[in-house]
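Before any comments, here is the structure.
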Amino acid sequence: MKRSTLFALLALAPALACAAELRVELELPGIAVSDYRRPYVAVWLERPDNSVAAHLATWYDLRMRNDEGKTWLKDLRQWWRRIGRDLEVPVDGVTTATRGPGVHKLAFIAGAAPLGELAAGEYRLVVEAAREHGGREVLSLPLHWPPSAPQRTEAGGERELGRVTAELLP
Amino acid sequence: MKLRTRFTLAALATALAAPLANAHEVWLLPSSTVLSNTGYVTVDGAVSNDIFHFNYRPLGIRDNLRITAPDGSSVEAEALTQGKLRTVFDANLGQTGSYRMAVTNAGVMAMWQEGSERKRWRGPREELEANVPADAAELTLRESVNRVETFVTVGSPTALTPTGLGLELVPVTHPNDLYAGETASFRFVIDGQPAAGVKVTVIAAGTRYRDALDKIEAVSDAEGLVRLTWPSTGFHYLSAVVSDANSSLRNADRRLSYTATLEVLPQ
Chain A
1 MKRSTLFALL
11 ALAPALACAA
21 ELRVELELPG
31 IAVSDYRRPY
41 VAVWLERPDN
51 SVAAHLATWY
61 DLRMRNDEGK
71 TWLKDLRQWW
81 RRIGRDLEVP
91 VDGVTTATRG
101 PGVHKLAFIA
111 GAAPLGELAA
121 GEYRLVVEAA
131 REHGGREVLS
141 LPLHWPPSAP
151 QRTEAGGERE
161 LGRVTAELLP
Chain B
1 MKLRTRFTLA
11 ALATALAAPL
21 ANAHEVWLLP
31 SSTVLSNTGY
41 VTVDGAVSND
51 IFHFNYRPLG
61 IRDNLRITAP
71 DGSSVEAEAL
81 TQGKLRTVFD
91 ANLGQTGSYR
101 MAVTNAGVMA
111 MWQEGSERKR
121 WRGPREELEA
131 NVPADAAELT
141 LRESVNRVET
151 FVTVGSPTAL
161 TPTGLGLELV
171 PVTHPNDLYA
181 GETASFRFVI
191 DGQPAAGVKV
201 TVIAAGTRYR
211 DALDKIEAVS
221 DAEGLVRLTW
231 PSTGFHYLSA
241 VVSDANSSLR
251 NADRRLSYTA
261 TLEVLPQ
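For the protein sequence lines, the chains are A and B, in the order given. Anchor point for the first sequence: position 48 equals 48 in my numbering, and the numbering is continuous, going up by one each time. Anchor point for the second sequence: position 221 equals 221 in my numbering, and the numbering is continuous, going up by one each time.
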C-alpha cells in the first residue's frame, strides 16, 4: 500500500467510525405536591422557520386503558401544533413512557433514526414539558450543524424543566 | 301543542330580535377547541351583555343548530337544555378533523298598516305570503340571516366549507390554529362571494375584569380578506354586521350578521 493512501485512510477513519452525535441532558425537577404526575415531555429539532427537522422524543402516559393517555398530548401545545396533531402515536423509538424527576440522558446519532440526516445550518433544540395539575414550559437551545468542534449549549427552566443541555460532538 | 307553539314563537322572536337589538352579544362557547382524542365536548349558548358571561337570555336553539363533521355529515346535539340564562348541549365528535357548530336564524320581519293599526309579523321566509297580505299598505320588509358559530378540531385542522347563505367567515388561517402574537387571515363572504368593506370587531374574553373593551377592528379588503393580530390568549368574540339590498324579496332590505367564538392559544 502506498503511503499516501494509508494516510488518507487514517484521516478518514474517525469520520467513518463515529458519526456526529447530539447528546441531550434534561432535568425534570422534583415538585413537592401531593397530586404530582409525571410530566409529558417532547424533544425535537426545528429550523429557523419553525419547521420540524427531527422529532426526537415524546414521553406520555402509555399505561392508561384505551390509550386514554393520548388525551393530554395536546397540552404539549407547541409540540401539538408542530408535530403531534399530524402524528399517529405511538412511534417506534420516539414515543416512550413518562419519566420521573431527575436528570435524563438522551443520545442521537446523525444518519440514524430519529435524528437522521441534517442539512448544514442553524437549528433549535426544543424541549417542552406539561404536567397534569401543573404548568407547561418550553425551552429552546440554538445549535449549528454540523459541529466542527464539540459544541455545548444549555438553558435553565424555571418551573417544569430544570437544566437542559445539548451537546454536539463532531 | 299550544304551549309548544307559543314557546317556539317566543324562542324565534328572541333569536331573531336579540342579534338585531345589537346591544347584546350572541355566542356559543365550547368546552374545548383543540382535542387529541375523539369524544364529547359540551357547549354553552347565550345572549348576554358581557361576552361569555351568562347574564341575559339563553340562546334559542332548536332546528337552527347544525354541527357539521369533517366529512360534511351532521352531528346531533345531545342533552340540549335551555335554562333561564343559558342553553347547553353536548356533541360527540367521533371523527378527526374540524367541526363547525352554527346556529343560523334566517327570517323576515314585516311591518304594514291596516287602517289605523300598525301590524308586525316576524317569521320564516316561506311563511311570509300566508301571514302578510300581498296588498298590505306601507309595507316594509327586512330579511335577516344571523349566524353564530364556533369551531372545534380533533387532531389536525381540516377545511371548513361555507354554506353559501348570508355572511360567513372562510378560513385562510384555520380558526383552531390561532396563536397570540401571530396574524390570522379570514375571508368574509356574502352568499359565498368575497365581501369587501366588512367591518369586523374582535373582543377578548374577560371584559368584566377590565375597564375598556379593547376592541380590535379591521375592514375586509377587495378580496374579502381581514387580517387580525392576536394580542392575547383566550376566547375571543368576533362579530360583523352588513346591510345590503340584495334580498331575494322585492323591496326588502337585508341584514346579515356573523359572530364566532375563537380560541387563541399561547405560543
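The beta-carbon is built from N, C-alpha and C at its ideal position, and this holds for glycine as well.
Please list, in chain order, all residues of the same chain as residue i whose beta carbon is under 6 Å from its beta carbon, the five residues on each side excluded.
{"i": "Q82 of chain B", "result": "P58"}
{"i": "E155 of chain B", "result": "According to the sequence displayed, residue 155 of chain B carries Gly and not Glu. T96."}
{"i": "E168 of chain B", "result": "P162 and V189"}
{"i": "L128 of chain B", "result": "V108"}
{"i": "A129 of chain A", "result": "P39, V41, E137, E160 and L161"}
{"i": "V88 of chain B", "result": "D44 and T81"}
{"i": "A110 of chain B", "result": "W121, V132 and L141"}
{"i": "A21 of chain B", "result": "Reliability fails at A21 of chain B, whose pLDDT of 46 lies under 50, so the model's placement of it is uncertain and the value that follows must be treated cautiously. Cβ neighbours of A21 of chain B beyond the five flanking positions: none."}
If you reduce the DSSP assignment to three classes, tell me which class residue i lands in.
{"i": "E182 of chain B", "result": "coil"}
{"i": "S248 of chain B", "result": "coil"}
{"i": "Y40 of chain A", "result": "strand"}
{"i": "G69 of chain A", "result": "helix"}
{"i": "K105 of chain A", "result": "strand"}
{"i": "D86 of chain A", "result": "helix"}
{"i": "R125 of chain B", "result": "helix"}
{"i": "T158 of chain B", "result": "coil"}
{"i": "H133 of chain A", "result": "coil"}
{"i": "D253 of chain B", "result": "strand"}
{"i": "A21 of chain B", "result": "Reliability fails at A21 of chain B, whose pLDDT of 46 lies under 50, so the model's placement of it is uncertain and the value that follows must be treated cautiously. A21 of chain B: helix per DSSP, three-state reduction."}
{"i": "P150 of chain A", "result": "coil"}
{"i": "T96 of chain B", "result": "coil"}
{"i": "A195 of chain B", "result": "coil"}
{"i": "N105 of chain B", "result": "strand"}
{"i": "Y60 of chain A", "result": "coil"}
{"i": "R208 of chain B", "result": "helix"}
Specify, as a first and last residue, the run of the beta strand (DSSP E) that residue i falls within.
{"i": "A224 of chain A", "result": "An answer regarding residue 224 of chain A cannot be provided, because it is not within the stretch 1 to 170 covered by chain A."}
{"i": "L168 of chain A", "result": "R163 to L169"}
{"i": "E143 of chain B", "result": "A137 to V154"}
{"i": "E25 of chain B", "result": "E25 to P30"}
{"i": "P186 of chain A", "result": "Nothing about residue 186 of chain A can be reported from this structure: the residues present for chain A run from 1 to 170 only."}
{"i": "F89 of chain B", "result": "T87 to L93"}
{"i": "Y56 of chain B", "result": "It is not in any beta strand (DSSP E) - Y56 of chain B carries neither H nor E in the DSSP assignment."}
{"i": "G39 of chain B", "result": "G39 to S48"}
{"i": "R227 of chain B", "result": "L225 to T229"}
{"i": "R23 of chain A", "result": "E21 to L28"}
{"i": "D81 of chain B", "result": "One detail in the question is off: residue 81 of chain B reads as Thr in this sequence, not Asp. E78 to Q82 is the span of the beta strand (DSSP E), which, as asked, contains T81 of chain B."}
{"i": "T68 of chain B", "result": "L65 to T68"}
{"i": "V132 of chain B", "result": "Where V132 of chain B is concerned, there is no enclosing beta strand (DSSP E), given that its DSSP letter is neither H nor E."}
{"i": "E160 of chain A", "result": "Counting along the chain, E160 of chain A falls outside any beta strand (DSSP E), and DSSP gives it neither H nor E."}
{"i": "A97 of chain A", "result": "Looking at the DSSP string, A97 of chain A is not in any beta strand (DSSP E), and its letter there is neither H nor E."}
Can you list the residues of chain B that residue i reaches, using a CB-CB cut of under 8 Å?
{"i": "L73 of chain A", "result": "S36"}
Can you name the start and end residues of the alpha helix (DSSP H) that residue i belongs to?
{"i": "R77 of chain A", "result": "R77 to R82"}
Which residues in chain A sit within 9 Å of residue i, going by Cβ to Cβ distance?
{"i": "L178 of chain B", "result": "In chain order: nothing, as chain A lies at least about 11 Å away."}
Excluding the 5 residues preceding and the 5 following residue i in the sequence, name in chain order all residues of the same chain whose CB lies nearer than 8 Å to its CB.
{"i": "A19 of chain A", "result": "I109, A110, G111 and A112"}
{"i": "L115 of chain A", "result": "L22, L45, A54, L56, F108 and I109"}
{"i": "A137 of chain B", "result": "W112, Q113 and E114"}
{"i": "A149 of chain A", "result": "P170"}
{"i": "A15 of chain A", "result": "The predicted model places A15 of chain A with a pLDDT of 47, which falls under 50 and marks its position as unreliable; any figure quoted below should be read in that light. Excluding sequence neighbours, A15 of chain A sits near nothing in its chain."}
{"i": "P147 of chain A", "result": "A20, L168, L169 and P170"}
{"i": "A159 of chain B", "result": "S98 and P171"}
Listing by chain order, which chain B residues have their CB less than 7 Å from the CB of residue i?
{"i": "D86 of chain A", "result": "S156"}
{"i": "R193 of chain A", "result": "Coverage of chain A is limited to positions 1 through 170, which leaves residue 193 of chain A absent and any answer about it impossible."}
Can you pull the chain A neighbours of residue i, defined as C-beta to C-beta under 8 Å?
{"i": "L167 of chain B", "result": "What L167 of chain B touches in chain A: nothing, since even the nearest Cβ is about 29 Å away."}
Kindly list, in the order they appear in chain B, the residues whose Cβ is closer than 9 Å to that of residue i.
{"i": "K221 of chain A", "result": "In the structure displayed, chain A extends from 1 to 170; residue 221 of chain A sits before or after that span and is not available."}
Leaving out five residues before and five after residue i in sequence, what residues of the same chain have Cβ atoms less than 7 Å from its Cβ?
{"i": "P194 of chain B", "result": "R187, E223 and G224"}
{"i": "L139 of chain A", "result": "V127, A155, G157, L161 and V164"}
{"i": "H24 of chain B", "result": "A18, V47, S48, N49 and Y56"}
{"i": "R250 of chain B", "result": "none"}
Quick check: is any heavy atom of the ligand SAM less than 7 Å from the C-beta of residue i?
{"i": "P58 of chain B", "result": "The model on display carries no ligand, and the ligand SAM is accordingly not part of it."}
Got a sec: is the Cβ-Cβ distance from residue i to anything in chain D below 8 Å?
{"i": "R62 of chain B", "result": "The structure shown contains no chain D; its protein chains are A and B."}
Touching by the beta-carbon criterion (3+ pairs, under 8 Å), the region 110 to 119 of chain B and the region 83 to 93 of chain B: no
Sufficient close CB pairs (3 or more, under 8 Å) joining the region 71 to 79 of chain B to the region 164 to 182 of chain B: no
Inter-stretch contact at 8 Å, needing at least 3 Cβ pairs: the region 175 to 186 of chain B / the region 49 to 65 of chain B: no
Validate contact between the region 30 to 44 of chain B and the region 71 to 91 of chain A using beta carbons, cut 8 Å, 3 pairs: yes
Validate contact between the region 255 to 262 of chain B and the region 209 to 222 of chain B using beta carbons, cut 8 Å, 3 pairs: no
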